Amino acid sequence: MTPIIAVQGLTKTYHVGDVAVHALRGMTLTIEAGEFVAIVGPSGSGKSTLMHMLGCLDSPTSGTYLLNGRDVSHLSDDELSAIRNTQIGFVFQGFNLLARTSAVENVELPLLYANRGRVPAAQRRRRALEALNTVGLADRATHHPSQLSGGQQQRVAIARALLNNPSILLADEPTGNLDSETSIEVLDIFQRLKEDRGITIVLITHEPQVAEYGSRIIRFKDGSVVADQLNRAKELAVREA
């Protein structure tokens, strides 16, 4: 079976003045459909740079990135935008919600951007409410971000990421602004999405305890993979549940 994500010899070099910063150094890895992969490492290890590559938000300096067997390394901006709108959902540390817009209206936004408003309003609202229900927030649909806790705001952001039924969910430090109890609630949602919908989850974190929620843990250091292993404890817990 073709991996949903396959990167080979991926490099990314940024130039800051006369200084070359090597964010990724010949990275090679594959991720199968339906995996929950946690990528962990210190700041500056290349985690977020890889996330930008996987999300088609940036292009590599060299190497290849195959998404569902298609080389997306050097596609046009329009082609990359189409992939982002149909195949990938994003969840960020900062929630990125519009302050003056209700929860359900925030969730509707991907349909407005991807389809230039061609999806009827009633259909947008129905799908947004379904997504909010998935994360347990249907009763907060009309609330604005200022009326929601940090955990609730992140759940709205997850609902928004799910609206176009992506096959991949990329989560960059999604618990970074949350307390321990709320973090567990968010991570449990990711686990449920993997199990119930078969969504591929790639979670970036610098916290080892958060990485333990992944069924596979990849460790980064200085732009390279230094460890890649299955989380046997997680697999056993899932079987016993």
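The opening residue of the sequence shown carries number 72 in the numbering used here; numbering runs sequentially from there. All residues carry an ideal CB built from backbone N, CA and C; glycine is no exception. As the structure is a prediction and not an experimental result, all values here were calculated from the model.
| Between the CA atoms of V206 and E252 - distance to the nearest angstrom | Mapped onto the sequence shown, residue 252 falls at position 181. Mapped onto the sequence shown, residue 206 falls at position 135. E252 and V206: Cα-Cα distance of roughly 16 angstroms.
| So is A202 in contact with chain C if we call contact Cβ pairs under 8 angstroms? | Among the chains of the structure shown, chain C does not appear; only one protein chain is present.
| field | Euclidean distance between Cα positions of I272 and D243 | value | By one-based count along the sequence shown, residue 272 stands at place 201. By one-based count along the sequence shown, residue 243 stands at place 172. Their backbone Cα atoms lie some 11 angstroms apart in a straight line.
| message | Checking the sheet assignment: what are the DSSP bridge partners for Q79? | response | Here residue 79 refers to the residue found at position 8 of the sequence shown. For Q79, which the question treats as bridged, DSSP gives the partners T135.
| Inter-residue Cα distance where the pair is N236 and G112 | Translated into the one-based positions of the sequence shown, residue 236 becomes position 165. Translated into the one-based positions of the sequence shown, residue 112 becomes position 41. Roughly 29 angstroms separates the two Cα atoms.
| Name the DSSP bridge partner or partners of M98? | The sequence position of residue 98 within the sequence shown is 27, counting from 1. Note: M98 sits in a beta bridge opposite L81.
| For H123, which three-state DSSP category applies? | On the sequence shown, position 52 is the one that residue 123 refers to. Helix.
| said: For the alpha helix (DSSP H) containing I229, name the first residue and the last one. | reply: If you number the sequence shown from 1, residue 229 lands on position 158. From DSSP, the alpha helix (DSSP H) with I229 extends over 221-233.
| task | Using 10 angstroms around the beta-carbon of Y284, count the other beta-carbons present and answer buried if the total reaches 16, otherwise exposed. | result | Counting from 1 along the sequence shown, the entry for residue 284 is found at position 213. Answer is buried; the Cβ neighbour count reaches 16.
| query | How many Å lie between F166 and H215 at the Cα? | reply | One-based indexing of the sequence shown puts residue 166 at position 95. One-based indexing of the sequence shown puts residue 215 at position 144. Whole-angstrom Cα-Cα distance: 13 angstroms.
| said: Considering only the alpha carbon of each residue, which of P245, D250, N204, V175 lies closest to A192? | reply: Residue 192 sits at position 121 when you count from the first residue of the sequence shown. Nearest option by C-alpha distance: V175.
| task | Taking A94 and K83 to be in contact with their CB atoms under 8 angstroms, please state how far apart those CB atoms are, rounded to whole angstroms. | result | Start at 1 with the first residue of the sequence shown, and residue 94 comes out as number 23. Start at 1 with the first residue of the sequence shown, and residue 83 comes out as number 12. Confirmed, Cβ separation roughly 5 angstroms.
| Since S295 sits in a beta bridge, which residues does DSSP pair it with? | Reading the sequence shown from its first residue, position 224 is the one you call residue 295. K292, per the DSSP bridge assignment.
| task | Consult DSSP for T253 and reduce its assignment to one of helix, strand or coil. | result | For the purposes of this step, residue 253 is taken as residue 182 along the sequence shown, with counting starting at 1. In the structure shown, T253 sits in a helix (DSSP, three-state: H, G or I).
| Exposure label - T120; buried when at least 16 CB within 10 Å | Counting from 1 along the sequence shown, the entry for residue 120 is found at position 49. Buried, since its Cβ has 16 or more Cβ neighbours within 10 Å.
| Which term fits K118, buried or exposed, when burial requires 16 or more other beta carbons within 10 angstroms of its beta carbon? | For this step, residue 118 is matched to residue 47 along the sequence shown. So K118 counts as buried.
| request: Go through its chain and collect everything with a Cβ distance to Q315's Cβ below 7 angstroms, but skip five positions before and after it. | output: Any answer about residue 315 is impossible in this case: the structure gives the chain only from 72 up to 312.
| task | Rounded to whole angstroms, what's the CA-CA distance from L200 to V227? Just pull it up for me. | result | In the sequence shown, the residue the question calls residue 200 occupies position 129. In the sequence shown, the residue the question calls residue 227 occupies position 156. One C-alpha to the other measures close to 10 angstroms.
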